[in-house]
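A.B. asks:
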Amino acid sequence: MNWSGLQSLLSGVNKYSTAFGRIWLSMVFVFRVLVFVVAAQRVWGDESKDFVCNTRQPGCTNVCYDHLFPISHIRLWALQLIFVTCPSLMVMAHVKYREAKDLKYVAMNHGSHLYANPGKKRGGLWWTYLLSLVFKAGFDTSFLYILYRLYHGYDLPRLSKCSLDPCPNTVDCFISRPTEKKIFMLFMVVSSALCIFMCILEMIYLIGKRIAKVLRVRHENERVVFADHHELTTIAPPRSQYRRTDPTLAESQLSLNRRDKVREGGISTTL
Numbered sequence: 001m002n003w004s005g006l007q008s009l010l011s012g013v014n015k016y017s018t019a020f021g022r023i024w025l026s027m028v029f030v031f032r033v034l035v036f037v038v039a040a041q042r043v044w045g046d047e048s049k050d051f052v053c054n055t056r057q058p059g060c061t062n063v064c065y066d067h068l069f070p071i072s073h074i075r076l077w078a079l080q081l082i083f084v085t086c087p088s089l090m091v092m093a094h095v096k097y098r099e100a101k102d103l104k105y106v107a108m109n110h111g112s113h114l115y116a117n118p119g120k121k122r123g124g125l126w127w128t129y130l131l132s133l134v135f136k137a138g139f140d141t142s143f144l145y146i147l148y149r150l151y152h153g154y155d156l157p158r159l160s161k162c163s164l165d166p167c168p169n170t171v172d173c174f175i176s177r178p179t180e181k182k183i184f185m186l187f188m189v190v191s192s193a194l195c196i197f198m199c200i201l202e203m204i205y206l207i208g209k210r211i212a213k214v215l216r217v218r219h220e221n222e223r224v225v226f227a228d229h230h231e232l233t234t235i236a237p238p239r240s241q242y243r244r245t246d247p248t249l250a251e252s253q254l255s256l257n258r259r260d261k262v263r264e265g266g267i268s269t270t271l
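First residue of the sequence shown: 1, per the UniProt record's numbering; consecutive thereafter.
#1: How about Y205 and G119: are their beta carbons less than 8 Å apart?
#2: Pick out whichever of C53, A137 and A78 has its Cα sitting closest to the Cα of residue 350.
#3: In the DSSP assignment, the alpha helix (DSSP H) including S176 goes from what residue to what residue?
#4: How many angstroms separate the CA atom of L194 from the CA atom of P58?
#5: Alpha carbon to alpha carbon, how far is C64 from P166? Give it in angstroms, no decimals.
#6: Within 10 angstroms of the Cβ of L25, are there 16 or more other Cβ atoms? Answer buried if so, exposed if not.
#7: What's the gap between the Cα of A212 and the Cα of Y105?
#8: Which residue spans inside the segment 130-185 form an unbroken alpha helix (DSSP H) run of at least 4?
#9: How big is the Cα-Cα spacing for A19 and I175?
#10: Tell me the rounded alpha-carbon separation between M92 and G123.
#11: If we require 4 or more residues per run, which alpha helix (DSSP H) segments fall completely within the segment 46-92?
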């Protein structure tokens, strides 16, 4: 399988991803693809050849091996990696569609762009990106559940007893290097769980950022509507309408005014 081609294809998703998406992609290729290509294939390369049962009955070993390993771990993990990385291609396809649509719009409108930034996660692209995260987390969870159900947990026994036809009786079967295979299996399970956790964090980040933006826009709209319906009015009349008097001198000033009026009245009577 050409994993380098898949890596070069998915590396273009980094410029459209958030920080959580870049961490997720790095974890997929470092902790899963590289481990799968470099070590896991060699560890599981002898699983059928070195599977031994203490019987010479023809067909018994093959039947017991098929019962113990209904599907190879290598093939199951290869399918898991393909299914998990394919939703990222949805985002790239949507961005390419936007770019082609923008080019047609520019040609028809003489330089006017339809999208300021086709890779900006707005509108339909935001929903496509969120849906890709749901698919990635869902596929990883589904494959972990399948692995758990097929092998009755994340464990490989050193000794397996088999009594299926055409075995003459209950025979003992032995797996080659069960401890090493168990360690690699647990490593792949933990890596898948971490990738699921990163997808959930990225979904929470996207949804939280979208909610904060909606609340901010709503708050700005409410402020504009409030300003339109409540124009600024004069809160208080001008100071010129008030008499410039000192309130502390009110009583004394009134008494002086009264005395002046009395004097003027007396003078006018004498004349």
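We put the CB at the ideal spot given by N, CA and C, even for glycine.
Quantities reported herein were computed from a predicted structural model and do not represent experimental measurements.
C.D. replies: Looking at the atomic coordinates:
#1: Working through the sequence shown from its first residue, we reach residue 205 at position 205. Working through the sequence shown from its first residue, we reach residue 119 at position 119. Contact flag unset, no.
#2: Absent from the model: residue 350. The displayed extent of the chain is 1 to 271, so no value can be given.
#3: Against the sequence shown, residue 176 aligns to sequence position 176. Taken as a continuous stretch (DSSP letters only), S176 belongs to no alpha helix (DSSP H), as it is neither H nor E.
#4: Residue mapping note: residue 194 aligns to position 194 of the sequence shown, counting from 1. Residue mapping note: residue 58 aligns to position 58 of the sequence shown, counting from 1. Between L194 and P58, the C-alpha separation is close to 44 Å.
#5: Position 166 of the sequence shown, counted from the first residue, corresponds to residue 166. Position 64 of the sequence shown, counted from the first residue, corresponds to residue 64. Near 10 Å, if we compare the C-alpha coordinates of C64 and P166.
#6: Numbered from its first residue, the sequence shown carries residue 25 at position 25. Per the 10 Å Cβ criterion, buried.
#7: On the sequence shown, residue 212 is found 212 positions in, with the first residue counted as 1. On the sequence shown, residue 105 is found 105 positions in, with the first residue counted as 1. One C-alpha to the other measures close to 32 Å.
#8: none
#9: Your numbering for residue 19 matches position 19 in the sequence shown. Your numbering for residue 175 matches position 175 in the sequence shown. Approximately 42 Å, taken between the alpha carbons.
#10: The count along the sequence shown starts at 1 and reaches residue 92 at position 92. The count along the sequence shown starts at 1 and reaches residue 123 at position 123. Those two C-alpha atoms are separated by around 15 Å.
#11: 60-68
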